[in-house]
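Have a look at the structure below, then the notes.
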Amino acid sequence: MEEEESGSELQLLLLPKPSIEFPNNKPVPEAKTDDDATDHPQLDLSLSISVGQKPQPQPQPPPPPPPLHEKPRIGERSVQALRQQTAEQIRLASAEKAYAERVRELTRRELELAEKEFARARAVWERAREEVERVERMKEMSTRRVGPACLEITCHSCRQRFCP
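Take the sequence shown: its letters are residues 1 to 164, numbered as in the UniProt record's numbering.
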């Protein structure tokens, strides 16, 4: 009997609702539920109850260790990842170096242009200084010439107007 009880299961099935008729022969309208509103197909809800102890599930055996030939692959993957990182760092370093060289070249060109511009400005300043000196000499020479000419003017009012 125990063997039958441990192996037997009681199953409960939902039966369709019987339609109940009232004496006036009008069927009772069924209440709408959320399940009816979503138009789900009829669900077969079955329950099972077992009597007795539940059989213990067999424990899953641990996964086998990876084969020896896969271990080097893991090392190869890490080496390959390291090589990729190194290659990326080298690429970035070479790009930074090229950028630094370009900036250095542009700076050198700007320095050369600034030196040329400074030399031109110095030359213009020198010419302007020479021109000022020449004009001052001419002024001095004209003043010397006007001085004796003023003495020749006999009218006192004219002399004051022309002589400084």
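Glycine is no exception: its CB is placed at the ideal position from the N, C-alpha and C atoms. This structure is a prediction, so every number in the text was calculated from the model and none was measured.
My output table needs one value for residue i: the three-state DSSP class, helix, strand or coil.
| i | result |
| --- | --- |
| P62 | coil |
| C158 | helix |
| T86 | helix |
Counting only C-beta atoms, is residue i closer than 8 Å to chain C at any point?
| i | result |
| --- | --- |
| R104 | Among the chains of the structure shown, chain C does not appear; only one protein chain is present. |
With a 10 Å radius around its C-beta and 16 neighbouring C-beta atoms as the bar for buried, classify residue i as buried or exposed.
| i | result |
| --- | --- |
| D36 | Here the model assigns D36 a pLDDT of 49, short of 50, so the residue's position is not dependable, and the following value carries that caveat. Flag for D36 reads exposed. |
| V146 | exposed |
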